[in-house]
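First up is the structure itself, then whatever we jot down about it.
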Amino acid sequence: MTGIIGIFVLLGVAWLFSDAKKSVRYDLAARTLALQIAIAIFALLTPVGDVVLGAMSAGVEAMTGYVKQGTVFMFGELGDEKGGTNVIFFFQILPIIIFIAALFAILFHLRIMGWIIRGIGGVVRRITGASRLESTCAAANIFVGMAEAPLTVLPYLPKITRSQLFVMMSLGLSSVAGTVLVAYSAIGIDPKLLITAALMAAPGGLLMGRILVPETETPFDIDSLDAKDVDKNRAGSLIEALTNGAMTGLQIMLAVMALLVAVLSVIALINGIMGGIGGWFGYPDLSLEGVFSVLFRPVAWMIGVPWDESAAAGRFLGEKVVLNEFLAYFNFTGVKDDFSVQGQIAITLALCGFANFGGLAILIAGLSAVVPERKTEISKLGLRTVLAGNLSNFMSAAIASVVIAVASLAGMTPI
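In terms of the working numbering, the sequence shown opens at residue 1 and continues consecutively.
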(Lines of atoms letter the chains of each structure in order from A and count residues from 1; the text may use other names and numbers.)
(Lines give C-alpha, C1' and ligand atoms only; values in the text may rest on other atoms or scores of the structure.)
Protein backbone atom coordinates (compact mmCIF):
# COMPACT_ATOMS: atom_id res chain seq x y z
CA MET A 1 0.00 0.00 0.00
CA THR A 2 3.01 2.30 -0.27
CA GLY A 3 1.43 3.62 -3.45
CA ILE A 4 -0.90 5.71 -1.25
CA ILE A 5 2.15 7.50 0.11
CA GLY A 6 3.32 7.97 -3.44
CA ILE A 7 0.04 9.53 -4.58
CA PHE A 8 0.11 12.15 -1.82
CA VAL A 9 3.83 12.86 -2.21
CA LEU A 10 3.52 13.28 -5.99
CA LEU A 11 0.56 15.61 -5.60
CA GLY A 12 2.50 17.49 -2.93
CA VAL A 13 5.53 17.90 -5.18
CA ALA A 14 3.32 19.20 -7.99
CA TRP A 15 1.68 21.70 -5.62
CA LEU A 16 5.04 22.73 -4.16
CA PHE A 17 6.39 23.62 -7.62
CA SER A 18 3.14 25.23 -8.78
CA ASP A 19 3.67 28.77 -10.01
CA ALA A 20 0.20 29.92 -8.90
CA LYS A 21 -0.88 27.86 -5.89
CA LYS A 22 -3.92 30.01 -5.15
CA SER A 23 -5.26 29.43 -8.66
CA VAL A 24 -5.23 25.62 -8.53
CA ARG A 25 -8.72 24.26 -9.26
CA TYR A 26 -8.91 21.42 -6.76
CA ASP A 27 -12.34 20.33 -7.99
CA LEU A 28 -11.04 19.80 -11.53
CA ALA A 29 -7.89 18.13 -10.19
CA ALA A 30 -10.05 15.70 -8.18
CA ARG A 31 -12.16 14.86 -11.24
CA THR A 32 -9.05 14.27 -13.34
CA LEU A 33 -7.46 12.07 -10.66
CA ALA A 34 -10.71 10.12 -10.40
CA LEU A 35 -10.59 9.39 -14.14
CA GLN A 36 -7.01 8.16 -13.85
CA ILE A 37 -8.03 5.84 -10.99
CA ALA A 38 -11.09 4.63 -12.90
CA ILE A 39 -8.96 3.69 -15.90
CA ALA A 40 -6.63 1.67 -13.66
CA ILE A 41 -9.55 -0.20 -12.08
CA PHE A 42 -11.15 -0.84 -15.47
CA ALA A 43 -7.92 -2.12 -17.01
CA LEU A 44 -6.56 -4.16 -14.11
CA LEU A 45 -9.62 -5.56 -12.34
CA THR A 46 -12.74 -5.73 -14.50
CA PRO A 47 -13.62 -8.59 -16.89
CA VAL A 48 -14.75 -6.07 -19.50
CA GLY A 49 -11.44 -4.27 -19.26
CA ASP A 50 -9.64 -7.58 -19.61
CA VAL A 51 -11.55 -8.35 -22.81
CA VAL A 52 -11.07 -4.89 -24.30
CA LEU A 53 -7.38 -4.61 -23.46
CA GLY A 54 -6.86 -8.24 -24.41
CA ALA A 55 -8.22 -7.53 -27.88
CA MET A 56 -6.08 -4.41 -28.17
CA SER A 57 -3.02 -6.33 -26.97
CA ALA A 58 -3.65 -9.05 -29.52
CA GLY A 59 -3.76 -6.35 -32.16
CA VAL A 60 -0.46 -4.92 -30.97
CA GLU A 61 1.18 -8.35 -31.03
CA ALA A 62 -0.25 -9.04 -34.49
CA MET A 63 1.47 -5.91 -35.77
CA THR A 64 4.88 -7.43 -35.09
CA GLY A 65 3.90 -10.44 -37.19
CA TYR A 66 2.87 -8.23 -40.09
CA VAL A 67 6.13 -6.31 -39.89
CA LYS A 68 8.07 -9.56 -40.12
CA GLN A 69 6.82 -10.01 -43.69
CA GLY A 70 8.64 -6.85 -44.66
CA THR A 71 11.77 -7.38 -42.55
CA VAL A 72 12.30 -10.95 -43.78
CA PHE A 73 11.94 -9.76 -47.37
CA MET A 74 14.48 -6.97 -46.82
CA PHE A 75 16.95 -8.62 -44.44
CA GLY A 76 16.41 -12.36 -44.84
CA GLU A 77 16.99 -14.36 -41.67
CA LEU A 78 18.23 -11.21 -39.93
CA GLY A 79 14.63 -10.00 -39.94
CA ASP A 80 13.36 -13.25 -38.41
CA GLU A 81 13.57 -13.92 -34.68
CA LYS A 82 14.86 -17.40 -35.52
CA GLY A 83 17.92 -15.92 -37.16
CA GLY A 84 19.86 -16.13 -33.93
CA THR A 85 21.82 -12.92 -34.43
CA ASN A 86 22.98 -10.27 -32.03
CA VAL A 87 21.75 -7.50 -34.36
CA ILE A 88 18.14 -8.49 -33.76
CA PHE A 89 17.18 -5.04 -32.37
CA PHE A 90 17.94 -3.12 -35.56
CA PHE A 91 16.51 -5.64 -38.00
CA GLN A 92 13.47 -6.84 -36.05
CA ILE A 93 12.42 -4.12 -33.60
CA LEU A 94 13.11 -0.74 -35.18
CA PRO A 95 11.31 -1.46 -38.50
CA ILE A 96 8.08 -1.78 -36.50
CA ILE A 97 8.18 2.00 -36.08
CA ILE A 98 8.04 2.50 -39.86
CA PHE A 99 5.02 0.23 -40.22
CA ILE A 100 3.03 1.77 -37.38
CA ALA A 101 3.77 5.31 -38.59
CA ALA A 102 2.52 4.37 -42.07
CA LEU A 103 -0.58 2.69 -40.61
CA PHE A 104 -1.46 5.73 -38.51
CA ALA A 105 -0.98 7.99 -41.53
CA ILE A 106 -3.48 5.87 -43.45
CA LEU A 107 -5.97 5.96 -40.57
CA PHE A 108 -5.66 9.74 -40.41
CA HIS A 109 -6.18 9.99 -44.17
CA LEU A 110 -9.34 7.88 -43.94
CA ARG A 111 -10.49 10.18 -41.09
CA ILE A 112 -10.85 7.14 -38.83
CA MET A 113 -8.26 8.45 -36.38
CA GLY A 114 -9.90 11.87 -36.37
CA TRP A 115 -13.21 10.42 -35.22
CA ILE A 116 -11.52 8.24 -32.58
CA ILE A 117 -9.63 11.22 -31.17
CA ARG A 118 -12.77 13.35 -31.11
CA GLY A 119 -14.68 10.59 -29.32
CA ILE A 120 -12.09 9.99 -26.63
CA GLY A 121 -11.50 13.72 -26.28
CA GLY A 122 -15.21 14.26 -25.68
CA VAL A 123 -15.22 11.74 -22.84
CA VAL A 124 -12.13 13.31 -21.26
CA ARG A 125 -13.66 16.80 -21.54
CA ARG A 126 -16.95 15.84 -19.90
CA ILE A 127 -15.31 14.06 -16.97
CA THR A 128 -12.36 16.36 -16.28
CA GLY A 129 -13.76 19.74 -17.29
CA ALA A 130 -10.83 20.33 -19.66
CA SER A 131 -11.27 22.60 -22.65
CA ARG A 132 -12.11 21.03 -25.99
CA LEU A 133 -8.61 21.82 -27.23
CA GLU A 134 -6.88 20.26 -24.19
CA SER A 135 -9.02 17.13 -24.26
CA THR A 136 -8.46 16.66 -28.00
CA CYS A 137 -4.71 16.96 -27.52
CA ALA A 138 -4.92 14.51 -24.60
CA ALA A 139 -6.71 11.96 -26.79
CA ALA A 140 -4.29 12.48 -29.68
CA ASN A 141 -1.28 11.80 -27.45
CA ILE A 142 -2.58 8.28 -26.82
CA PHE A 143 -1.91 7.46 -30.46
CA VAL A 144 0.67 9.85 -31.89
CA GLY A 145 3.85 11.47 -30.66
CA MET A 146 4.39 14.66 -28.69
CA ALA A 147 5.35 16.63 -31.82
CA GLU A 148 2.37 15.41 -33.87
CA ALA A 149 -0.44 15.62 -31.28
CA PRO A 150 -0.54 19.45 -31.09
CA LEU A 151 -1.05 19.52 -34.86
CA THR A 152 -4.61 18.28 -34.26
CA VAL A 153 -5.37 21.76 -32.87
CA LEU A 154 -2.74 23.64 -34.88
CA PRO A 155 -4.87 26.65 -35.97
CA TYR A 156 -5.54 27.55 -32.33
CA LEU A 157 -2.05 27.22 -30.81
CA PRO A 158 -1.17 30.94 -31.13
CA LYS A 159 -4.33 31.86 -29.17
CA ILE A 160 -4.24 29.48 -26.21
CA THR A 161 -3.20 30.64 -22.74
CA ARG A 162 0.13 29.90 -21.07
CA SER A 163 -1.53 27.28 -18.87
CA GLN A 164 -3.15 25.55 -21.85
CA LEU A 165 0.18 25.54 -23.68
CA PHE A 166 1.86 23.97 -20.67
CA VAL A 167 -0.87 21.33 -20.32
CA MET A 168 -0.43 20.34 -23.97
CA MET A 169 3.33 20.09 -23.51
CA SER A 170 2.85 18.03 -20.33
CA LEU A 171 0.54 15.66 -22.18
CA GLY A 172 3.23 15.12 -24.80
CA LEU A 173 5.90 14.13 -22.28
CA SER A 174 3.47 12.08 -20.17
CA SER A 175 2.70 9.70 -23.03
CA VAL A 176 4.45 7.66 -25.70
CA ALA A 177 3.59 7.45 -29.37
CA GLY A 178 1.79 4.41 -30.70
CA THR A 179 4.73 3.87 -33.03
CA VAL A 180 7.15 3.14 -30.21
CA LEU A 181 4.55 1.51 -27.96
CA VAL A 182 4.39 -1.43 -30.37
CA ALA A 183 8.19 -1.53 -30.43
CA TYR A 184 8.25 -1.72 -26.61
CA SER A 185 5.88 -4.66 -26.84
CA ALA A 186 8.13 -6.36 -29.36
CA ILE A 187 11.09 -6.33 -26.96
CA GLY A 188 9.05 -8.10 -24.28
CA ILE A 189 7.00 -5.49 -22.40
CA ASP A 190 3.41 -6.53 -21.60
CA PRO A 191 1.22 -4.76 -24.22
CA LYS A 192 -1.78 -4.64 -21.85
CA LEU A 193 0.24 -2.64 -19.35
CA LEU A 194 1.57 -0.38 -22.09
CA ILE A 195 -1.96 0.35 -23.30
CA THR A 196 -3.08 0.94 -19.72
CA ALA A 197 -0.22 3.39 -19.24
CA ALA A 198 -1.08 5.19 -22.49
CA LEU A 199 -4.71 5.60 -21.42
CA MET A 200 -3.80 6.76 -17.90
CA ALA A 201 -1.34 9.30 -19.31
CA ALA A 202 -4.18 11.41 -20.73
CA PRO A 203 -5.73 12.39 -17.38
CA GLY A 204 -2.30 12.18 -15.73
CA GLY A 205 -0.83 14.86 -17.96
CA LEU A 206 -3.90 17.04 -17.49
CA LEU A 207 -3.70 16.64 -13.71
CA MET A 208 -0.05 17.57 -13.30
CA GLY A 209 -0.22 20.30 -15.93
CA ARG A 210 -3.14 21.99 -14.17
CA ILE A 211 -1.43 21.91 -10.78
CA LEU A 212 2.03 23.04 -11.88
CA VAL A 213 0.79 25.88 -14.12
CA PRO A 214 -2.84 26.62 -13.17
CA GLU A 215 -5.06 28.79 -15.32
CA THR A 216 -4.86 32.46 -14.34
CA GLU A 217 -6.33 33.89 -17.55
CA THR A 218 -9.54 33.37 -19.47
CA PRO A 219 -8.97 30.02 -21.21
CA PHE A 220 -9.33 29.98 -24.97
CA ASP A 221 -11.73 27.40 -26.36
CA ILE A 222 -14.01 26.76 -29.31
CA ASP A 223 -17.61 25.63 -29.50
CA SER A 224 -16.87 22.57 -31.61
CA LEU A 225 -14.00 20.72 -33.21
CA ASP A 226 -14.79 19.11 -36.53
CA ALA A 227 -13.02 16.04 -37.85
CA LYS A 228 -11.48 18.21 -40.57
CA ASP A 229 -9.75 20.26 -37.85
CA VAL A 230 -8.18 17.13 -36.41
CA ASP A 231 -7.17 16.04 -39.92
CA LYS A 232 -5.79 19.47 -40.84
CA ASN A 233 -2.63 18.03 -42.41
CA ARG A 234 -4.41 15.20 -44.20
CA ALA A 235 -2.56 13.85 -47.24
CA GLY A 236 -3.99 14.28 -50.72
CA SER A 237 -4.27 10.56 -51.43
CA LEU A 238 -3.94 7.18 -49.77
CA ILE A 239 -0.60 6.55 -51.47
CA GLU A 240 0.70 9.93 -50.33
CA ALA A 241 -0.42 9.17 -46.78
CA LEU A 242 1.35 5.80 -46.86
CA THR A 243 4.52 7.37 -48.24
CA ASN A 244 4.52 10.27 -45.79
CA GLY A 245 3.90 7.91 -42.88
CA ALA A 246 6.71 5.59 -43.92
CA MET A 247 9.13 8.51 -44.24
CA THR A 248 8.09 9.84 -40.85
CA GLY A 249 8.57 6.37 -39.36
CA LEU A 250 12.02 6.14 -40.94
CA GLN A 251 13.01 9.45 -39.35
CA ILE A 252 11.79 8.26 -35.95
CA MET A 253 13.57 4.92 -36.35
CA LEU A 254 16.86 6.57 -37.26
CA ALA A 255 16.50 9.02 -34.38
CA VAL A 256 15.90 6.17 -31.91
CA MET A 257 18.84 4.22 -33.30
CA ALA A 258 21.19 7.21 -33.16
CA LEU A 259 20.07 8.13 -29.66
CA LEU A 260 20.54 4.60 -28.33
CA VAL A 261 24.01 4.30 -29.87
CA ALA A 262 25.01 7.68 -28.43
CA VAL A 263 23.50 7.07 -24.99
CA LEU A 264 24.95 3.57 -24.59
CA SER A 265 28.38 4.79 -25.67
CA VAL A 266 28.30 7.77 -23.31
CA ILE A 267 27.17 5.53 -20.44
CA ALA A 268 30.09 3.19 -21.10
CA LEU A 269 32.44 6.18 -21.08
CA ILE A 270 31.00 7.57 -17.84
CA ASN A 271 31.09 4.15 -16.18
CA GLY A 272 34.71 3.75 -17.21
CA ILE A 273 35.61 7.11 -15.68
CA MET A 274 33.56 6.48 -12.53
CA GLY A 275 35.03 3.01 -12.12
CA GLY A 276 38.55 4.37 -12.49
CA ILE A 277 38.01 7.14 -9.96
CA GLY A 278 36.09 4.82 -7.65
CA GLY A 279 38.98 2.37 -7.75
CA TRP A 280 41.21 4.94 -6.08
CA PHE A 281 38.90 4.87 -3.08
CA GLY A 282 38.13 1.15 -3.03
CA TYR A 283 34.97 1.26 -5.18
CA PRO A 284 36.02 -0.10 -8.59
CA ASP A 285 32.42 -1.10 -9.43
CA LEU A 286 31.09 2.46 -9.14
CA SER A 287 28.76 3.13 -12.09
CA LEU A 288 25.98 5.37 -13.33
CA GLU A 289 23.48 2.54 -12.88
CA GLY A 290 24.55 2.20 -9.26
CA VAL A 291 24.02 5.91 -8.66
CA PHE A 292 20.55 5.71 -10.21
CA SER A 293 19.71 2.74 -7.98
CA VAL A 294 20.50 4.74 -4.86
CA LEU A 295 18.91 8.04 -5.91
CA PHE A 296 15.67 6.62 -7.29
CA ARG A 297 15.18 3.76 -4.83
CA PRO A 298 12.85 5.81 -2.59
CA VAL A 299 10.81 6.82 -5.63
CA ALA A 300 10.47 3.21 -6.75
CA TRP A 301 9.32 2.15 -3.28
CA MET A 302 6.93 5.09 -3.05
CA ILE A 303 5.12 4.13 -6.28
CA GLY A 304 4.56 0.56 -5.13
CA VAL A 305 7.68 -1.47 -5.89
CA PRO A 306 8.51 -3.74 -2.92
CA TRP A 307 11.49 -2.46 -0.93
CA ASP A 308 13.69 -5.47 -1.69
CA GLU A 309 13.17 -4.80 -5.42
CA SER A 310 13.33 -1.01 -5.25
CA ALA A 311 17.09 -0.63 -5.71
CA ALA A 312 17.01 -2.55 -8.98
CA ALA A 313 13.90 -0.64 -10.04
CA GLY A 314 15.55 2.67 -9.19
CA ARG A 315 18.13 2.05 -11.90
CA PHE A 316 15.44 1.90 -14.58
CA LEU A 317 13.64 4.98 -13.28
CA GLY A 318 16.92 6.90 -13.38
CA GLU A 319 17.65 5.76 -16.91
CA LYS A 320 14.17 6.82 -17.98
CA VAL A 321 14.30 10.27 -16.37
CA VAL A 322 17.89 11.21 -17.21
CA LEU A 323 18.62 9.23 -20.36
CA ASN A 324 15.91 7.54 -22.43
CA GLU A 325 12.81 5.42 -21.77
CA PHE A 326 13.65 3.05 -24.64
CA LEU A 327 16.96 2.21 -23.00
CA ALA A 328 15.24 1.74 -19.63
CA TYR A 329 12.68 -0.66 -21.12
CA PHE A 330 15.36 -2.53 -23.04
CA ASN A 331 17.38 -3.13 -19.87
CA PHE A 332 14.25 -3.95 -17.86
CA THR A 333 13.14 -6.73 -20.23
CA GLY A 334 16.25 -8.74 -19.43
CA VAL A 335 15.46 -8.95 -15.71
CA LYS A 336 11.72 -8.27 -15.42
CA ASP A 337 10.98 -11.85 -14.39
CA ASP A 338 13.07 -11.24 -11.26
CA PHE A 339 10.40 -8.80 -10.04
CA SER A 340 7.06 -9.52 -8.43
CA VAL A 341 3.86 -8.90 -10.39
CA GLN A 342 3.31 -5.66 -8.50
CA GLY A 343 6.87 -4.58 -9.18
CA GLN A 344 6.57 -5.33 -12.89
CA ILE A 345 3.33 -3.38 -13.19
CA ALA A 346 4.67 -0.36 -11.30
CA ILE A 347 7.91 -0.22 -13.28
CA THR A 348 6.20 -0.70 -16.64
CA LEU A 349 3.77 2.16 -16.01
CA ALA A 350 6.43 4.44 -14.52
CA LEU A 351 8.69 4.10 -17.57
CA CYS A 352 5.93 4.70 -20.13
CA GLY A 353 6.52 8.33 -21.09
CA PHE A 354 8.78 10.65 -23.07
CA ALA A 355 9.62 12.79 -20.02
CA ASN A 356 13.39 13.09 -20.31
CA PHE A 357 15.81 15.60 -21.79
CA GLY A 358 15.87 13.96 -25.22
CA GLY A 359 12.08 14.02 -25.35
CA LEU A 360 12.05 17.65 -24.22
CA ALA A 361 14.39 18.66 -27.05
CA ILE A 362 12.10 17.02 -29.61
CA LEU A 363 9.03 18.65 -28.08
CA ILE A 364 10.53 22.15 -28.03
CA ALA A 365 11.82 21.81 -31.60
CA GLY A 366 8.49 20.50 -32.89
CA LEU A 367 6.29 23.09 -31.18
CA SER A 368 8.63 25.99 -31.94
CA ALA A 369 8.49 25.09 -35.62
CA VAL A 370 4.68 25.37 -35.80
CA VAL A 371 4.24 28.34 -33.44
CA PRO A 372 7.54 30.25 -33.72
CA GLU A 373 6.01 33.33 -32.07
CA ARG A 374 5.83 31.37 -28.79
CA LYS A 375 9.28 29.79 -28.96
CA THR A 376 10.63 31.67 -25.94
CA GLU A 377 7.59 30.78 -23.85
CA ILE A 378 7.84 27.12 -24.88
CA SER A 379 11.53 26.98 -23.93
CA LYS A 380 10.93 28.58 -20.53
CA LEU A 381 8.29 25.96 -19.71
CA GLY A 382 10.55 23.09 -20.78
CA LEU A 383 12.08 21.81 -17.53
CA ARG A 384 8.81 22.18 -15.67
CA THR A 385 7.22 20.04 -18.40
CA VAL A 386 9.73 17.23 -17.76
CA LEU A 387 8.70 17.34 -14.10
CA ALA A 388 5.01 17.18 -15.05
CA GLY A 389 5.56 14.22 -17.35
CA ASN A 390 7.48 12.20 -14.78
CA LEU A 391 5.01 13.02 -12.01
CA SER A 392 2.23 11.80 -14.31
CA ASN A 393 4.01 8.53 -15.10
CA PHE A 394 4.87 7.89 -11.46
CA MET A 395 1.28 8.70 -10.47
CA SER A 396 -0.01 6.05 -12.89
CA ALA A 397 2.32 3.51 -11.30
CA ALA A 398 1.32 4.50 -7.75
CA ILE A 399 -2.40 4.34 -8.56
CA ALA A 400 -2.03 0.93 -10.19
CA SER A 401 -0.11 -0.33 -7.14
CA VAL A 402 -2.86 0.82 -4.79
CA VAL A 403 -5.56 -0.74 -6.97
CA ILE A 404 -3.71 -4.06 -6.98
CA ALA A 405 -3.07 -3.94 -3.22
CA VAL A 406 -6.72 -3.16 -2.41
CA ALA A 407 -7.87 -5.90 -4.76
CA SER A 408 -5.55 -8.40 -3.06
CA LEU A 409 -6.93 -7.47 0.36
CA ALA A 410 -10.42 -8.05 -1.02
CA GLY A 411 -9.42 -11.46 -2.34
CA MET A 412 -9.43 -10.33 -5.96
CA THR A 413 -6.73 -11.16 -8.48
CA PRO A 414 -5.53 -8.57 -11.01
CA ILE A 415 -6.51 -9.60 -14.51
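All residues carry an ideal CB built from backbone N, CA and C; glycine is no exception. Computed from a prediction, not measured in an experiment: that's the story for all the values here.
Excluding residues up to 5 positions away in sequence, Met113, Phe143, Val144, Gly178, Thr179, Gly245 lie with their Cβ nearer than 8 Å to the Cβ of Phe104 in the same chain. Three or more Cβ pairs closer than 8 Å define a contact, and the stretch 199-210 falls short of that threshold against the stretch 247-254. Ile106 and Ile117 have their C-alpha atoms some 15 Å from each other. Inclusion of Ala328 and Glu319 in the CB contact set at 8 Å is warranted, their separation being smaller than that value. Comparing C-alpha distances from Phe354 to each of Val335, Met274, Phe394 shows the shortest one belongs to Phe394. By the neighbour-count definition (other C-beta atoms within 10 Å, threshold 16), Glu217 is an exposed residue. Taking the Cα of Ile37 as reference, the smallest distance to any Cα among Thr128, Met274, Glu377, Pro372 is reached at Thr128. Inside the stretch 127-196, DSSP marks whole alpha helix (DSSP H) runs of 4 or more residues at positions 132-143, 162-174, 178-186, from first to last along the chain.
In its chain, beyond the 5 residues on either side, Val263 have a beta carbon closer than 6 Å to the beta carbon of Leu323.
By the Cβ criterion, the stretch 158-178 is in contact with the stretch 368-377, since at least three pairs of Cβ atoms, one from each stretch, lie closer than 8 Å. Listed in chain order, the non-local C-beta contacts of Ser18 below 7 Å within the same chain comprise Val24, Ile211, Leu212, Pro214, local neighbours out to five positions each way being set aside.
Between Met412 and Leu45, the gap from beta carbon to beta carbon is short of 8 Å. Annotated three-state conformation of Arg25 is coil, per DSSP. Residue state for Leu94 is assigned as coil, using DSSP reduced to three classes. Taking the CA atoms as reference points, Arg125 sits about 11 Å from Leu35. At least 8 Å separates the beta-carbon of Phe166 from that of Thr32. Beta-carbon to beta-carbon, Ala29 and Ile96 are separated by about 37 Å, too far to satisfy the 8 Å threshold. Ranked by Cα distance from Ser135, the options Val261, Gly122, Ala147 are led by Gly122. Per DSSP, the continuous alpha helix (DSSP H) segment holding Ser310 begins and ends at 307-318.
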